[in-house]
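Worksheet: the structure to be examined is printed underneath.
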Amino acid sequence: MKGLHISDGVYCLHADAGSEGLFEGIWPIPDGVSMNAYVIKAEKTALIDLVGSGEAVRGQLEAGLSSIGVSSSGIDFLVLNHLEPDHTGWLGEFRRLNPGAQIVSTQKGCNLIRSFYKIGDGLRAVKNGDELDLGGGRVLTFLETPNIHWPETMMSWDPASGTLFSCDAFGSFGALGQRVFDDEFDEAEHAFFEKESLRYYANIVSSFSGFVEKAVRKLDGLDVRCVAPGHGMVWRRDPRKVIDRYLKYASWAKGPAEKAVTVVWGSMYGNTEAGVRAVVEGIESEGVPCITRRVPDENISWVLADAYRSSGLVIAMPTYEYAMFPPMSYVLDVFRRKHIHGKKVLRIGSWGWVGGAKKDYEAAIESLKWESLESCEWAGYPTEAELETLRERGRELARAVAGAPG
Numbered sequence: 002m003k004g005l006h007i008s009d010g011v012y013c014l015h016a017d018a019g020s021e022g023l024f025e026g027i028w029p030i031p032d033g034v035s036m037n038a039y040v041i042k043a044e045k046t047a048l049i050d051l052v053g054s055g056e057a058v059r060g061q062l063e064a065g066l067s068s069i070g071v072s073s074s075g076i077d078f079l080v081l082n083h084l085e086p087d088h089t090g091w092l093g094e095f096r097r098l099n100p101g102a103q104i105v106s107t108q109k110g111c112n113l114i115r116s117f118y119k120i121g122d123g124l125r126a127v128k129n130g131d132e133l134d135l136g137g138g139r140v141l142t143f144l145e146t147p148n149i150h151w152p153e154t155m156m157s158w159d160p161a162s163g164t165l166f167s168c169d170a171f172g173s174f175g176a177l178g179q180r181v182f183d184d185e186f187d188e189a190e191h192a193f194f195e196k197e198s199l200r201y202y203a204n205i206v207s208s209f210s211g212f213v214e215k216a217v218r219k220l221d222g223l224d225v226r227c228v229a230p231g232h233g234m235v236w237r238r239d240p241r242k243v244i245d246r247y248l249k250y251a252s253w254a255k256g257p258a259e260k261a262v263t264v265v266w267g268s269m270y271g272n273t274e275a276g277v278r279a280v281v282e283g284i285e286s287e288g289v290p291c292i293t294r295r296v297p298d299e300n301i302s303w304v305l306a307d308a309y310r311s312s313g314l315v316i317a318m319p320t321y322e323y324a325m326f327p328p329m330s331y332v333l334d335v336f337r338r339k340h341i342h343g344k345k346v347l348r349i350g351s352w353g354w355v356g357g358a359k360k361d362y363e364a365a366i367e368s369l370k371w372e373s374l375e376s377c378e379w380a381g382y383p384t385e386a387e388l389e390t391l392r393e394r395g396r397e398l399a400r401a402v403a404g405a406p407g
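Going by the numbering used here, the sequence shown opens with residue 2, and the numbers climb by one from there.
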């Protein structure tokens, strides 16, 4: 991959990781993920962020450096906005090739460099508003943006080109191929990457939505002409679009979100599944969009994305050994970790010899700040009367979601 020109002296070094493995060891990436580093060439040369330790990705980065006439040993400053290993896995090798480069990060970032990579020399800790003079009138400014999504994160701002190097902020899943800029993708491709942006946000960033809003406020007054993230396309035509997208996602953490219902369900022998069909009929009869996700068949990554964007949820599972169906326990634990708050929720489910899921469920959602409709449980297969009750519960939930502000 060649280094791609952004503006005078600014280049993107783009690499794609394939679909093998899981992002962060958890999240599937069936369409891969892009990894972006950047170079600013002035009197001094700065490399902004790195890539992981995989040989193929590292090779793409090295080829990109070579294409713009830069070698690893010729870099004066390595700026690390975020220390997660997908952005720093090459750091040990880089340090071996270039022992004299100054490594710039926040104080917490420098601490992680010491603990992750056992590098203690040549570190420069910066704080909000500090500057790095590259010569020739080129000055980088640093903005501390903690918890997007690790506590050490920052953004780097190049006022000369109007480029914001945001690392994990404003990112997305999905490999980019030979193109990286927003004006190189058609409408259908943008729609795909918007879905992958939401999944990335819900999976990676949603726990820290308040910090996203604080970070965006720090951009007030900056003439941002390009957003250059660590994952996903580089926004040079419409940088405000991706910033506003992240603000929208952040607002959903407090609710309401989109006027839609996500049905998360599991069933052992079809009894709870029959109740799900009735609830969905009720929701759809009110004209409210409804998305269904079955667990454990579908990965939590997509369940989480749909639940995050929906104002309403149906949680449907049978009682299993006097408690919740175990896959649903995992889902609710992830919802708690990712702060899936402020939803209007209906819980339904079948039981066999005795109930028990209710108590387990209520303990699991205690911190989620949900507005719960009356639960509906039944023994074995639902009767016609119970099915009609379930349809009505679905209609009630749909009306509550449709009438919510937003």
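In this text, a Cβ means the ideal position worked out from N, Cα and C, and glycines have one as well.
8 Å Cβ cutoff met for residue i and residue j
| i | j | result |
| --- | --- | --- |
| Val264 | Val280 | yes |
| Tyr309 | Tyr247 | no |
| Pro290 | Ala405 | no |
| Lys339 | Gly313 | no |
| Val355 | Pro328 | no |
| Asn99 | Ser74 | yes |
| Val243 | Trp253 | no |
| Ala324 | Ala358 | yes |
| Tyr118 | Leu199 | no |
Length of the line joining the Cα atoms of residue i and residue j
| i | j | result |
| --- | --- | --- |
| Val346 | Glu375 | 9 Å |
| Ile120 | Leu51 | 16 Å |
| Asn300 | Val335 | 12 Å |
| Ile49 | Val262 | 41 Å |
| Asn272 | Thr384 | 10 Å |
| Met269 | His6 | 55 Å |
| Gly395 | Gly283 | 4 Å |
| Lys370 | Cys13 | 42 Å |
| Gly33 | Ser20 | 4 Å |
| Gly211 | Cys227 | 23 Å |
| Asn37 | Met155 | 16 Å |
| Ala380 | Gly353 | 6 Å |
For residue i, three-class secondary structure by DSSP
| i | result |
| --- | --- |
| Phe326 | coil |
| Glu274 | helix |
| Ala176 | coil |
| Lys3 | coil |
| Ser20 | coil |
| Gly136 | strand |
| Phe186 | coil |
| Val289 | coil |
| Leu51 | coil |
| Ile301 | helix |
| Lys260 | strand |
| Val181 | coil |
Residue from the options whose Cα sits closest to the Cα of residue i
| i | options | result |
| --- | --- | --- |
| Arg241 | Gly256, Leu5, Gly222, Ser373 | Gly222 |
| Glu195 | Ile205, Glu145, Phe171, Ser207 | Phe171 |
| Gly231 | Leu144, Leu81, Lys45 | Leu81 |
| Leu79 | Gly65, Phe95, Asp87, Gly70 | Phe95 |
| Pro160 | Gly33, Gly175, Gly138 | Gly138 |
| Lys45 | Val304, Leu133, Asn129, Gly178 | Leu133 |
In the segment 200-255, which residue ranges form an unbroken alpha helix (DSSP H) of at least 4 residues, counting only runs that do not cross its ends? 210-218, 240-253
Which parts of the segment 337-399 are runs of the beta strand (DSSP E), unbroken and 3 residues or longer, counting only runs that do not cross its ends? 345-352, 377-380
Which parts of the segment 65-134 are runs of the alpha helix (DSSP H), unbroken and 4 residues or longer, counting only runs that do not cross its ends? 86-89, 92-98, 108-118
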